[in-house]
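A.B. asks:
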Amino acid sequence: MLLRLGLDPASLPLLWATLVAVVCAVALLRARHLAAHGRPGHAAVLVGCATVAASPVSWTHHQIWPVLAAMLLIGADGVAGAALLVTMVVSLGGGAQAGLAHLRDAVPARERPGARRRRALPRRLRRGGAGGGRRGPAARGWLWLGTTAALAVAFFAVQPLPAGADPTFKAYALPDAGDPCYFFVCRGALECAAYGTDAPVTFGVRRERTKVQVNGVVSPAVARLECHSAPGGAPRVIPLLAPHPGPRTFSFRPATIAHGRLVAYAADGRPIATYDEELAAAFDVSAARRNGGSPVGP
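For the sequence shown, the numbering used here assigns the number 1 to the initial residue and increments by one for each residue that follows.
Shown next, in the form of structure tokens:
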């Protein structure tokens with residue numbers, strides 16, 4: 001959402017920290033209120049949901065946790081609650097999930113655990129549960145505030161990202177040079193010298209599910225290397241590393257290079273090579289590809 005606002009990248013960490021502090025403070029205050037009124041389960045669920053919302057490493061598959069938490073509040077008693085609690089903390093493999101699905105299909109619907117509870121749930125709610133009774137002014141105010149905040153987040157969530165915005169981008173430094181996951185086109189001085197060509201930049205690409213690894217070597221004529229993630233986006237300087245004698249190497253990780261551009265500059269600041277079609281072509285193959293040649297393995 002902050003990227004879609006088009007704010008200065010230098011101010012993003014401070015704004016993110018402020019938003020996280022607000023989310024955590026509101027969640028803790030509300031959880032304290034729930035615990036004081038004899039609802040510790042609701043308080044724990046609220047803290048967990050706030051953690052998922054505020055975590056900088058929360059992926060989409062982590063967001064199933066609030067769904068399970070809501071189910072836990074509905075079926076918190078007996079076997080159903082225990083099963084949901086185990087599901088929330090234990091990872092089940094594909095075989096276990098398939099077995100549970102077959103077991104569910106084999107049990108008649110009226111005999112499944114929780115069937116009678118589902119039939120009784122609307123009556124319990126009508127007796128003064130979550131949806132019963134008229135809301136007071138304070139409750140209506142909180143509902144209005146929550147609805148407005150949700151609509152604001154949804155509005156910014158559907159806006160396109162600014163050109164070149166790539167939160168997953170990372171350019172690797174010298175301490176990472178020993179990791180074959182990031183530096184895969186060549187290992188050692190002799191291998192990197194053999195990998196290089198007469199071109200200013202020779203690179204390979206390795207695709208992953210959510211990102212791309214670009215690794216290569218540069219000729220002595222290259223003094224600076226920049227990557228544009230998308231047309232119109234700000235360039236990112238790629239470090240040129242010398243982990244061993246011979247050609248310098250580089251590696252970076254964008255989310256995609258389908259519309260990217262790699263520009264090599266001489267010592268006087270003059271661009272000497274640009275790679276855009278080559279990046280797009282390399283992105284279309286799944287294995288590492290050598291620029292200007294046939295696909296090769298890492």
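Ideal placement from N, C-alpha and C gives every residue a C-beta, glycine not left out. Here the structure is a predicted model, which is why all the values come from computation and not from measurement.
Which residue comes first and which comes last in the beta strand (DSSP E) that contains Cys227?
C.D. replies: As a position in the sequence shown, residue 227 is number 227, starting the count at 1. That run of the beta strand (DSSP E) goes Arg224 to His228.
A.B. asks: If you draw a straight line from the alpha carbon of Val26 to that of Cys49, how long is it in whole angstroms?
C.D. replies: One-based indexing of the sequence shown puts residue 26 at position 26. One-based indexing of the sequence shown puts residue 49 at position 49. Looking at the two C-alpha atoms, the distance is approximately 12 Å.
A.B. asks: Would you check if the region 213-231 and the region 257-265 touch, i.e. whether three or more CB-CB distances between them fall below 8 Å?
C.D. replies: With a cut-off of 8 Å, the region 213-231 and the region 257-265 count as touching, because enough Cβ pairs lie within range.
A.B. asks: The alpha helix (DSSP H) spanning Gly260 covers which residue range?
C.D. replies: Counted from its first residue, the sequence shown places residue 260 at position 260. No alpha helix (DSSP H) holds Gly260; DSSP gives it neither H nor E.
A.B. asks: At what residues does the beta strand (DSSP E) containing Ala35 begin and finish?
C.D. replies: Residue 35 sits at position 35 when you count from the first residue of the sequence shown. First-last for Ala35: Leu12 to Ala36, but that is the alpha helix (DSSP H), not the beta strand (DSSP E).
A.B. asks: Identify whether Thr322 lies in helix, strand or coil by the three-state DSSP scheme.
C.D. replies: There is simply no residue 322 to check, as the chain begins at 1 and stops at 298 in what is shown.
A.B. asks: Just to confirm before moving on: does the CB-CB distance between Val212 and Ile272 stay below 8 Å?
C.D. replies: One-based indexing of the sequence shown puts residue 212 at position 212. One-based indexing of the sequence shown puts residue 272 at position 272. Contact: no.
A.B. asks: Taking 8 Å as the threshold (C-beta atoms), are Ala266 and Ala223 in contact?
C.D. replies: To locate residue 223, count along the sequence shown from 1; it is residue 223. To locate residue 266, count along the sequence shown from 1; it is residue 266. In contact: Ala223 and Ala266 (Cβ atoms closer than 8 Å).
A.B. asks: Excluding the 5 residues flanking Arg117 on each side, which residues of the same chain have their C-beta closer than 6 Å to its C-beta?
C.D. replies: Position 117 of the sequence shown, counted from the first residue, corresponds to residue 117. Here Arg117 scores only 47 on pLDDT, less than 50, and its place in the model should not be relied on; the value that follows carries that caveat. Around Arg117: no qualifying Cβ.
A.B. asks: Considering only the alpha carbon of each residue, which of Thr147, Pro243 and Val86 lies closest to Leu174?
C.D. replies: Along the sequence shown, one-based indexing puts residue 174 at 174. Among Thr147, Pro243 and Val86, the Cα nearest to that of Leu174 belongs to Pro243.
A.B. asks: Find out if the Cβ-Cβ distance for the pair Leu46, Ala36 is shorter than 8 Å.
C.D. replies: Here residue 46 refers to the residue found at position 46 when the sequence shown is read from its first residue. Here residue 36 refers to the residue found at position 36 when the sequence shown is read from its first residue. No, these two residues do not count as a Cβ contact at 8 Å.
A.B. asks: Return the chain-ordered list of same chain residues with a C-beta closer than 6 Å to the C-beta of Asp176, the five sequence neighbours on each side being excluded.
C.D. replies: Here the question's residue 176 lines up with position 176 in the sequence shown. Answer for Asp176: Tyr182, listed in chain order.
A.B. asks: Using only alpha-carbon positions, find the residue among Ala255, Cys192, Leu145 and Ala199 that is nearest to Arg207.
C.D. replies: Position 207 of the sequence shown, counting from 1, holds the residue named residue 207. Checking every option, the nearest Cα to that of Arg207 belongs to Ala255.
A.B. asks: Can you tell me whether Leu241 is buried or exposed, with buried defined as 16 or more other CB within 10 angstroms of its CB?
C.D. replies: Here residue 241 corresponds to residue number 241 of the sequence shown, with the count starting at 1. The residue is buried, with at least 16 neighbouring Cβ atoms inside 10 Å.
A.B. asks: Are the beta-carbon atoms of Pro66 and Val52 separated by less than 8 Å?
C.D. replies: Taking the first residue of the sequence shown as position 1, residue 66 is located at position 66. Taking the first residue of the sequence shown as position 1, residue 52 is located at position 52. Yes. Within cutoff.
A.B. asks: Quick one: what does DSSP say Thr249 is sitting in, helix, strand or coil?
C.D. replies: Sequence index remark: in the sequence shown, residue 249 carries index 249 (1-based). Of the three classes helix, strand and coil, the one that applies to Thr249 here is strand, per DSSP.
A.B. asks: By DSSP, does Thr202 sit in helix, in strand, or in coil?
C.D. replies: As a working mapping, residue 202 is identified with position 202 in the sequence shown. In the structure shown, Thr202 sits in a strand (DSSP, three-state: E or B).
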